[in-house]
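*Asks:* Converting from the sequence shown to our numbering requires adding 1 to each position, the first position being numbered 1. Virtual Cβ for every residue (Gly too), placed ideally from N, Cα, C.
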Amino acid sequence: MRGARLRYPVLLALLACDPNTDSALAPAPLGGRLLASDLAGNQWLTTGTDGAVDSRYTLDAIDSRCQGKKIDPYCLAFQAQRRAAHDGADEVVFTWSILDSSDGSDDQATDLIGQFAAVDFASREQRWLLSALDFSQLGRDAGCPFDPADPCTVPGGLDTAAYWRCQLHMPHDIVIASESEAGWRGWIADTRNTRLLEVELPRGETCGVVRALVGENDADWSLYESPNALAHGERDGVPFLLVSLKSTHAEGEEAAAQLAGAGKGKIAWWEERDGRWTQAWEFPPEVQGAESFVNTPHGVQLLHDADGNEVIAFAHSLGAHDEWSGVTGEGTVGVIRVVDGAAEYLGDLRFPGKFALGFSRDVSETGDGRWIVADSGCLSDPCDRPARSWVIDAPSLSPSGKSGAYSVDHAQQDFVDPGAIDGPYLEGEASVLYSVEWMAE
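#1: Decide if the segment 94-111 is in contact with the segment 68-80; the criterion is three or more beta carbon pairs, one per stretch, under 8 Å apart.
#2: DSSP on Ala29, reduced to helix/strand/coil?
#3: Can you check whether the CB of Leu198 is closer than 8 Å to the CB of Leu224?
#4: By alpha-carbon positions, which one of Val93, Pro30 and Arg84 ends up nearest to Arg57?
#5: Name the residue from Asp341, Ala37 and Asp275 whose alpha carbon lies nearest to the alpha carbon of Ser390.
#6: Closest to Trp188 by C-alpha separation, out of Gly216, Asn296, Ala162 and Ala163, would be which residue?
#7: In the structure shown, what three-state DSSP assignment does Thr22 receive?
#8: Using alpha carbons as the reference points, say which of Ser181, Lys70 and Glu272 lies closest to Glu235.
#9: I need the straight-line Cα distance from Leu15 to Arg34, nearest angstrom please.
#10: Would you say Arg376 and Ser361 are within 8 Å of each other, going by their C-beta atoms?
#11: What residues in its chain sit with their C-beta under 6 Å from that of Gln82, if we drop five residues either side in the sequence?
#12: Between the Cα of Asp275 and those of Glu287, Pro240 and Gly262, spot the shortest distance and give me the residue it belongs to.
#13: Which residues mark the beginning and the end of the beta strand (DSSP E) in which Ala213 is found?
#14: What residues match up with Phe136 in a beta bridge as DSSP calls it?
#15: Within 10 angstroms of the Cβ of Lys70, are there 16 or more other Cβ atoms? Answer buried if so, exposed if not.
#16: Run through DSSP, which three-state label would Leu198 get?
#17: Expressed to the nearest angstrom, what Euclidean distance is found between the alpha-carbon atoms of Tyr435 and Leu380?
#18: Taking only three categories from DSSP, how would you classify Lys265?
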């Protein structure tokens, strides 16, 4: 097994003698704090410098329907981020969706309608709320039969699919790309609607104006389902979107030619040129007549390796599992880089022994050259594996020469030992961790 190069302070060169650890080196404890979202626990929470939880924010504080009980109804908490707002305020932005579980399904029209809000980090006072969408700037191409006289109100008499498409349906990740006195503009992974939305929220309003949509009507999107994690930025003046797509649909000739299906996902990079969003690359690259996917991916991020080079890491949620899809198994962290406009596979970090990931969900950077990996334990609750986070040194990996495509025999994957592992953090504090990010204080 090819190992990752480690960069710890000198004291970490000493071998650990703790018989209770599977790790070869004794890692330094994590400094700073963590902000984590609990998918099935109706909350996001923060830790102190010792890793112990010091505050919790339950969703009933902003939505009275979110009582934190898995009865009729309850709420799912997705990504939470801390950020400095345009006016200097310290705020946390987060998404959630309400679910009526009384009938055991999630396919009613009102199930999983999502919202997006910000609260002040210290006082927890609400700063803004996005609860409706205005598709009038896109016209009928948006798939929402809006009323031109009142585009922020969902028309009556719609079937379930149309009702969902006029709103956020189980939104996962969010990125605020720009902000001014007038309001903010950003991107939302509208997961159950299988699309990415660029939304502008005017200051003081709760209805966001949809400015752009990337989804099923775009070339190279036809098979994709369930976009979840999202990053946005610019390269050489060209805006990009980096997205993980959990699955692909299995219907139709194109899907059959690629052997697409549940859990067979992609990592994709889209660019805006001349006012149009087009795909620059997807990983793994498409192969006709063979499975060219990763297994149920989440949590894609632009990070830095041990040498300071930019790489793309993603939660390969079932990357070492023995079958496609599923609710738990053995997750990994997939690592790729972009060379000459194409993705190149570097390897999958596979955590050993008692550190093994049940369902990796998120990966991000700490402030000291390390990565923090969130393990949900399972896709959803109930789960008999603990939700927890681990901290590892940023790896230094070389191209593996393989495609990185998942298969049940893992022939095109290169499993890499992450080296020293610090943690667990947040074990026992969340039902299902969705996102974890490091904070400097």
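*Replies:* According to the structure shown:
#1: yes
#2: coil
#3: no
#4: Val93
#5: Ala37
#6: Gly216
#7: With a pLDDT of 48 at Thr22, under the threshold of 50, the predicted position of this residue should be treated as unreliable, and no value is reported.
#8: Glu272
#9: Note that Leu15 scores a pLDDT of 26, beneath 50, so its modelled location is shaky; the value from the coordinates is reported in the next line. Approximately 26 Å between the Cα atoms of the pair.
#10: A quick correction: the sequence has Asp, not Arg, at residue 376. Cβ distance < 8 Å, so Asp376 and Ser361 count as in contact.
#11: Val94
#12: Pro240
#13: Cys208 to Gly216
#14: In the DSSP output, where bridge partners are listed per residue, Phe136 has none listed.
#15: exposed
#16: strand
#17: 9 Å
#18: strand
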